[in-house]
Structures are given as C-alpha cells and as structure tokens.
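Below is one structure, written out as structure tokens; comments come after it.
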Amino acid sequence: MKSWIDAFTVAVVEANASAIGTLISTMPEFETKEERIHARALIEEALHLMENEKSKTWETMQKIKQTRTFLTGSLNQNNCEYRG
C-alpha cells in the first residue's frame, strides 16, 4: 500500500493526469486508518487538480471558438465586393 501512496503522491505533485487515472483504477484496499486518510487527502487533491484542468480546457475551447468566429467573420467581410 505504501508504494501506491508514494506513486500517487508523485503523480499529484507532478499533476500527471494519466498516472492519476491509472493509479485510481488500481487503488488497493488499505490496511490502516492512517493509509485511508492519507489516500483520501491525495484523491481530494487530485480531484481539485482535475477540476482546474477541466476549467482551463473549457476556457481554451472558448478562446478557440471566439477566434474561429472572428476569423470566419473576417473571411466573410473580405469576400464582399466593393462598389464604392
């Protein structure tokens, strides 16, 4: 159990989403109350990290959407015929 907690700690410190996911799917049964408390704290921190990543991804997607809308609008304006 100690090696899982150590590996999970490293994954959380490095904010390694892939390793966190793998370790969550292979979470062992903990033998002591102390191990369970430690694991719970780490899982809560990992959840917080994932929520932050989700928020950053959403913000990036919104920026890309705005840029695409802007570029599409610019292209449409450039296709207009000047009749000045």
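Residue numbers for the sequence shown follow the working numbering, beginning at 382 and rising by one. For every residue, glycine included, the Cβ atom is placed at its ideal position computed from N, Cα and C.
> So, does the CB of VAL394 fall closer than 7 Å to a CB anywhere in chain D?
Replying inline: Looking for chain D here will not work: only one protein chain is present.
> Going by beta carbon distance, what residues of the same chain come within less than 8 Å of LEU423, once the five residues before and after it are set aside?
Replying inline: For the purposes of this step, residue 423 is taken as the residue at position 42 of the sequence shown. Around LEU423: ILE386, PHE389, THR390 and VAL393.
> Just checking my contact of ALA398 with GLU434 at CB under 8 Å: how many whole Å lie between their CB atoms?
Replying inline: By one-based count along the sequence shown, residue 398 stands at place 17. By one-based count along the sequence shown, residue 434 stands at place 53. With 8 Å as the limit, ALA398 and GLU434 qualify as a contact, their Cβ atoms being about 6 Å apart.
> Quick one, which of TRP439, GLU432, ILE418 and GLY402 has its alpha-carbon nearest LYS383's?
Replying inline: Translated into the one-based positions of the sequence shown, residue 383 becomes position 2. Minimum Cα distance to LYS383 is reached at ILE418.
> If you count every other CB in all the chains shown that lies within 10 Å of the CB of ILE405, and 16 or more means buried, which is it?
Replying inline: As a working note, residue 405 is residue 24 in the sequence shown. With fewer than 16 Cβ atoms within 10 Å of its Cβ, ILE405 is classed as exposed.
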